[in-house]
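Colleague: One structure, as structure tokens, below. Some questions next.
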Amino acid sequence: MLVLGIESSCDETAASVVEDGVRVRSNVIASQHDLHAEYGGVVPEIASRAHAERITPVVRRALDEAGVTLHDIDAVAVGNRPGLIGALVVGVSAAKALAWSLDVPLVGVDHVRAHLYAALLEDDGSRPSASDLFPALGLVISGGHTALFRSESPLCVTRIGSTIDDAVGEAYDKCAAILGLGHPGGPLVDRLAAHGNDRAHDFPVSRLSEDSLDFSFSGLKTSVLYTVRGRPQVTREDLSDVSARPAKGSGKPTGWQREASSLSDAERADVCASFQRACCRVLMLKIERAMEMEKAAGRGVRSLIIGGGVSANSRVRREALELGTRRGLKVALPPMAYCLDNAAMIAGLGHARLVAGEKDDLSLAASPMGAV
Ligand code: KG4
Ligand code: ZN
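Put into structure tokens, the structure is as follows:
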């Protein structure tokens, strides 16, 4: 069965043709990073317009690269939640139009669950056997999401923990912005970290309460900011003029001790390496805690499945594999091509829904909220 997948939840317009849910025949991704770079983050209206311009050529290219025509497609899958509503609407409208005109089934797919499915896609002809993986612990780490799941199958997923503030990818992007490295920052921080001393700074590792499976990255982000720029300063003028003082707790610092540009390359690399160590410490700690809690409840898991943009991170991949070896747990990581937002994971999970007898009709709506 050939499923055409469409993804437009944030700043990548993507289309993919996947055979039988696992064999990726094409994986086309038109990134909009250049359009958003000058704003330091994704601007929703710019994203929606770019999706509208690119969706047709991207779908065409995905068909061409797969060596098929629209008439070979058996179903259309689309990421319809969660995400930027104006961006999602473009993909959902295109998918509905194609499914209706080709008279094939339409399936809506949850973007976050699809990130976990990415680890099941075939890489160089091999893939993990799904029967070996489930029940699994799932960890989605991306720019918009950081959450732990218990998963009985690709379609049966229950959230057991999530971030109470920033997503880990967002923390990476902010760390890069503080250092003046550019956007998106995750890959840049990852690259610089390789040259730094990860013990140079003792950044906070947020554990939250003893039995919490939630995450928090805002303290880590603030700590990076203060390390790089120094403590926020009240200027001499502010001290003489009482009315100009920031009100206590107003959170409005009047200045910084230094500019990020005053750091040497080696100092920047040390911040990246130490930040990355703290992020990985939090992630591994929560994975181990979730494993213990599931085991104590008599619901052990057979594997750990990780997905989302941060699953491309070199240290996350290394530490997850080490954890798996230490704890006797299989670890499924997405092939590098399917870590970031892509439509192959959408087509794959769409196929799983179709095989389970599920599909949607033309009333399928885009939604900013996720299913889990
Ligand atoms: O999954 P994704 O493409 O989009 C969302 O669903 O959010 O994830 C994008 C996030 C960005 O925050 C980006 O900085 C981060 O993934 N990222 C990385 C790496 N590659 C991408 N973070 C750390 N290390 C990387 N190598
Ligand atoms: Zn994503």
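Using our numbering, read the sequence shown as starting at 2 and increasing by one per residue.
All C-beta atoms, glycine included, are put in the ideal place defined by N, C-alpha and C.
Please read these numbers as outputs of a predicted model, since none were measured by experiment.
Ser-10 and Leu-89: beta carbons closer than 8 Å?
Modeller: Along the sequence shown, read from residue 1 onward, the residue named residue 10 stands at position 9. Along the sequence shown, read from residue 1 onward, the residue named residue 89 stands at position 88. Their beta carbons are under 8 Å apart, which means Ser-10 touches Leu-89 by this criterion.
Colleague: Need the endpoints of the beta strand (DSSP E) that Phe-150 sits in, please.
Modeller: Looking up residue 150 in the sequence shown gives position 149. Counting along the chain, the beta strand (DSSP E) containing Phe-150 begins and ends at 147 to 154.
Colleague: Cutting at 8 Å between CB atoms, please list the residues of its own chain near Asp-203, excluding the five before and the five after it.
Modeller: For the purposes of this step, residue 203 is taken as the residue at position 202 of the sequence shown. In its chain, beyond the 5 residues on either side, Ser-275 have a beta carbon closer than 8 Å to the beta carbon of Asp-203.
Colleague: Specify which residues have a beta carbon nearer than 5 Å to any heavy atom of ligand 1, listing them in chain order.
Modeller: Ser-143, Gly-144, Gly-145, Gly-170, Tyr-173, Asp-174, Pro-185, Gly-187, Pro-188, Asp-191, Gly-309, Gly-310, Val-311, Ala-313, Asn-314, Leu-341 and Asp-342
Colleague: Use the C-beta contact count for Pro-369: other C-beta atoms within 10 angstroms, 16 or more gives buried, fewer gives exposed.
Modeller: For the purposes of this step, residue 369 is taken as the residue at position 368 of the sequence shown. Looking at its Cβ environment, which holds fewer than 16 other Cβ atoms inside 10 Å, Pro-369 is exposed.
Colleague: Tell me whether the beta-carbon of Leu-122 lies closer than 8 Å to the beta-carbon of Val-60.
Modeller: Mapped onto the sequence shown, residue 122 falls at position 121. Mapped onto the sequence shown, residue 60 falls at position 59. Their beta carbons are not under 8 Å apart, which means Leu-122 does not touch Val-60 by this criterion.
Colleague: Quick one: is Glu-173 buried, meaning 16 or more other Cβ sit within 10 Å of its Cβ, or exposed?
Modeller: In the sequence shown, counting from the first residue as 1, residue 173 sits at position 172. For the sequence presented, residue 173 should be read as Tyr rather than Glu. The residue is buried, with at least 16 neighbouring Cβ atoms inside 10 Å.
Colleague: Which whole runs of the beta strand (DSSP E) in the segment 333 to 358 are 3 residues long or more, in chain order?
Modeller: Complete beta strand (DSSP E) runs here, min 3: none at all.
Colleague: Sort Val-44, Ala-297, His-72 and Ala-31 by Cα distance to Glu-54 and report the nearest one.
Modeller: Position 53 of the sequence shown, counted from the first residue, corresponds to residue 54. When only C-alpha atoms are compared, the closest one is Ala-31.
Colleague: Helix, strand or coil for Phe-276 per DSSP?
Modeller: What you label residue 276 is simply residue 275 of the sequence shown in a count that begins at 1. Correct three-state label for Phe-276: helix.
Colleague: Less than 7 Å separating the Cβ of His-52 from some heavy atom of ligand 2?
Modeller: For the purposes of this step, residue 52 is taken as residue 51 along the sequence shown, with counting starting at 1. Not under cutoff, so the answer is no.
Colleague: Quick one: residues in its chain with C-beta nearer than 8 Å to the C-beta of Asp-375, no 5 flanking neighbours on either side, listed in chain order?
Modeller: No information on residue 375 is available, as it lies outside the stretch 2 to 373 that the chain covers here.
Colleague: For Ile-179 and Leu-363, I'd like the C-alpha separation in whole angstroms.
Modeller: Within the sequence shown, the letter at position 178 stands for residue 179. Within the sequence shown, the letter at position 362 stands for residue 363. When rounded, the distance between both Cα atoms is 44 Å.
Colleague: Compare the beta carbon distance of Arg-354 and Leu-334 with 8 Å and say whether it is the shorter of the two.
Modeller: On the sequence shown, position 353 is the one that residue 354 refers to. On the sequence shown, position 333 is the one that residue 334 refers to. Cβ distance not < 8 Å, so Arg-354 and Leu-334 don't count as in contact.
Colleague: Report yes if the C-beta distance between Lys-287 and Leu-214 is below 8 Å; otherwise report no.
Modeller: The residue you call residue 287 lines up with position 286 of the sequence shown. The residue you call residue 214 lines up with position 213 of the sequence shown. Result yes, Cβ atoms of Lys-287 and Leu-214 sit closer than 8 Å.
Colleague: Who are Lys-331's beta bridge partners in DSSP?
Modeller: In the sequence shown, the residue the question calls residue 331 occupies position 330. By DSSP's assignment, Lys-331 forms a beta bridge with Ser-304.
Colleague: Taking the continuous alpha helix (DSSP H) assigned at Ala-67, which residues delimit it?
Modeller: Indexing the sequence shown from 1 puts residue 67 at position 66. That run of the alpha helix (DSSP H) goes 45 to 67.
Colleague: Would you say the beta carbon of His-34 comes nearer than 7 Å to a heavy atom of ligand 2?
Modeller: On the sequence shown, position 33 is the one that residue 34 refers to. Proximity of the beta carbon of His-34 to ligand 2 is not indicated: no heavy atom of the ligand is located closer than 7 Å.
Colleague: Inspect the CB distances between the segment 206 to 224 and the segment 185 to 196 and report whether three or more fall short of 8 Å.
Modeller: no
Colleague: I need the DSSP call for Leu-5, collapsed to helix, strand or coil.
Modeller: The sequence position of residue 5 within the sequence shown is 4, counting from 1. Leu-5: strand per DSSP, three-state reduction.
Colleague: Runs of 3 residues minimum, wholly inside the segment 158 to 201: which ones carry the beta strand (DSSP E) assignment?
Modeller: none
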